[in-house]
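Let me begin by presenting the structure, written as structure tokens, before commenting on it.
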Amino acid sequence: MPSSKRRTQPLALQVLEPLPRRPRLPSLLLEVLAAQGLDAAPGPEEGEFSWENRTATRLMAAYRDTRDPQVFEALHRLSLPSLERWITSLLGRSAGSLDARELAQDALVNVYLYPTGFRDEHPGSFRVWVRTIAGNLVRRGMARAQRGSTSALPEHGSELADPREGPEGAAQRAEQHADLRRAWTLLVLMYLRAYEELAARDREALRLVEVERLGYLEAGRSLGVGRSNMKMIVFRARRRIARRLHLQCFEPLRAAAVASIDPQTALRHVG
406 MPSSKRRTQP LALQVLEPLP RRPRLPSLLL EVLAAQGLDA APGPEEGEFS WENRTATRLM
466 AAYRDTRDPQ VFEALHRLSL PSLERWITSL LGRSAGSLDA RELAQDALVN VYLYPTGFRD
526 EHPGSFRVWV RTIAGNLVRR GMARAQRGST SALPEHGSEL ADPREGPEGA AQRAEQHADL
586 RRAWTLLVLM YLRAYEELAA RDREALRLVE VERLGYLEAG RSLGVGRSNM KMIVFRARRR
646 IARRLHLQCF EPLRAAAVAS IDPQTALRHV G
């Protein structure tokens, strides 16, 4: 009589689920990697983790040496997802009100403002450096959250604070939202001014690629150029806008941040 038990196949013969496909890299990141002479994918003997470490370290070294905002944008797009995942694992169940994406963004803002502290000593230098920055932000955030969630009472120990937002907190939040809207409006106006300073062909190239969402080949047909030329036109137009924003917006913010820490250093930046 045949056995009712099902025989399991050896692991080597079992049909396994396919691995998830590698996400497609943003076009700006691909352009910067090509301009820096960097590979857009791991080599035959290199894993994804090693490739990202090596590439991020090279991009960070390039940004430190050139202060090119487009290089930083590429670094930001490459490293943000893995940094956010690492912070999420670091927070664990004690995350509370802390947001991993916000902490990752704060860490990368520090990278943008203070690139001279970076030393590219090995392929994983950027990963180690940015995680050190992020880890410090996580510790400070958790300490602030812990202080804010309890109020010490001399006679009765500690008591949980009321989690509901009071009138002062609501007013402060509304003021912050208003500041954010004003800052965003100013940034959009500055972008528009930089866009209008471009040549007519560059403006049309950006419109086709970024507004109409056409591929480089199709957009190039509209301008009468090939795919490679179209990519270069868009790359240079984006770089001109990024440099204009860097000079008019981000560099003053950086100088102000430095001034809040070291007035003498700020004077050197202004002078």
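The working numbering puts the sequence shown at residues 406 to 676.
The beta-carbon is built from N, C-alpha and C at its ideal position, and this holds for glycine as well.
From a predicted model like this one, the values you see are computed outputs, not experimental measurements.
Could you tell me the distance, in whole angstroms, from the CA atom of residue i to the CA atom of residue j?
{"i": "Trp534", "j": "Ser627", "result": "45 Å"}
{"i": "Arg649", "j": "Arg641", "result": "12 Å"}
{"i": "Pro431", "j": "Leu438", "result": "11 Å"}
{"i": "Asp584", "j": "Val630", "result": "43 Å"}
{"i": "Leu433", "j": "Leu443", "result": "13 Å"}
{"i": "Glu478", "j": "Ser633", "result": "21 Å"}
{"i": "Glu602", "j": "Gln653", "result": "14 Å"}
{"i": "Gly540", "j": "Gly620", "result": "40 Å"}
{"i": "Ala579", "j": "Arg549", "result": "21 Å"}
{"i": "Ala624", "j": "Pro474", "result": "25 Å"}
{"i": "Arg598", "j": "Arg469", "result": "27 Å"}
{"i": "Arg536", "j": "Leu542", "result": "10 Å"}
{"i": "Arg608", "j": "Tyr600", "result": "7 Å"}
{"i": "Arg645", "j": "Gln581", "result": "31 Å"}
{"i": "Leu592", "j": "Arg586", "result": "10 Å"}
{"i": "Ala605", "j": "Arg524", "result": "41 Å"}
{"i": "Arg463", "j": "Arg545", "result": "29 Å"}
{"i": "Val639", "j": "Val614", "result": "8 Å"}
{"i": "Gln577", "j": "Glu617", "result": "39 Å"}
{"i": "Met637", "j": "Ala440", "result": "10 Å"}
{"i": "Val494", "j": "Arg532", "result": "A small correction: the amino acid at residue 494 is Ser; Val does not occupy that position in the sequence shown. When rounded, the distance between both Cα atoms is 15 Å."}
{"i": "Ala466", "j": "Gly522", "result": "11 Å"}
What would DSSP say about residue i, mapped onto helix, strand or coil?
{"i": "Ala550", "result": "helix"}
{"i": "Ser502", "result": "coil"}
{"i": "His651", "result": "helix"}
{"i": "Tyr600", "result": "helix"}
{"i": "Val639", "result": "helix"}
{"i": "Glu699", "result": "The question about residue 699 has no answer, for the chain in this structure spans 406 to 676."}
{"i": "Ala445", "result": "coil"}
{"i": "Asp607", "result": "helix"}
{"i": "Glu623", "result": "helix"}
{"i": "Pro486", "result": "helix"}
{"i": "Leu430", "result": "coil"}
{"i": "Glu580", "result": "helix"}
{"i": "Tyr519", "result": "coil"}
{"i": "His527", "result": "coil"}
{"i": "Arg612", "result": "helix"}
{"i": "Arg472", "result": "coil"}
{"i": "Glu457", "result": "helix"}
{"i": "Val630", "result": "coil"}
{"i": "Glu451", "result": "coil"}
{"i": "Arg618", "result": "coil"}
Among the residues of its own chain, which have a CB less than 6 Å from the CB of residue i, if the five just before and after it don't count?
{"i": "Trp456", "result": "Pro447"}
{"i": "Glu451", "result": "none"}
By Cβ distance below 7 Å, which residues in the same chain neighbour residue i in space, the five residues on each side in sequence not counted?
{"i": "Arg506", "result": "Glu489"}
{"i": "Tyr517", "result": "Phe477"}
{"i": "Ile492", "result": "Ala505, Leu508, Ala509, Ala539, Val543"}
{"i": "Leu622", "result": "Arg632"}
So residue i and residue j are in contact, right, with Cβ under 8 Å, and what is the actual spacing, rounded?
{"i": "Ala677", "j": "Leu483", "result": "Residue 677 lies beyond the residue range present for the chain, which begins at 406 and ends at 676; the question has no answer from this structure."}
{"i": "Leu435", "j": "His481", "result": "The Cβ separation is near 14 Å, so there is no contact."}
{"i": "Asn458", "j": "Pro520", "result": "Contact flag wrong, Cβ pair sits at about 18 Å."}
Any C-beta of chain C sitting closer than 8 Å to the C-beta of residue i?
{"i": "Glu526", "result": "In summary, chain C is missing from the structure at hand, where a single protein chain is found."}
Using a Cβ-Cβ cut-off of 8 Å (strictly less than) and excluding sequence neighbours within five positions of residue i, which residues of its own chain qualify?
{"i": "Arg472", "result": "Pro520, His651"}
{"i": "Leu503", "result": "Leu496, Val543, Gly546, Met547, Ala550"}
{"i": "Tyr596", "result": "Ile646, Leu650"}
Is residue i near the ligand NAD - that is, is its Cβ less than 7 Å away from at least one heavy atom of it?
{"i": "Ala647", "result": "Of ligands this structure carries none, so the ligand NAD is not represented either."}
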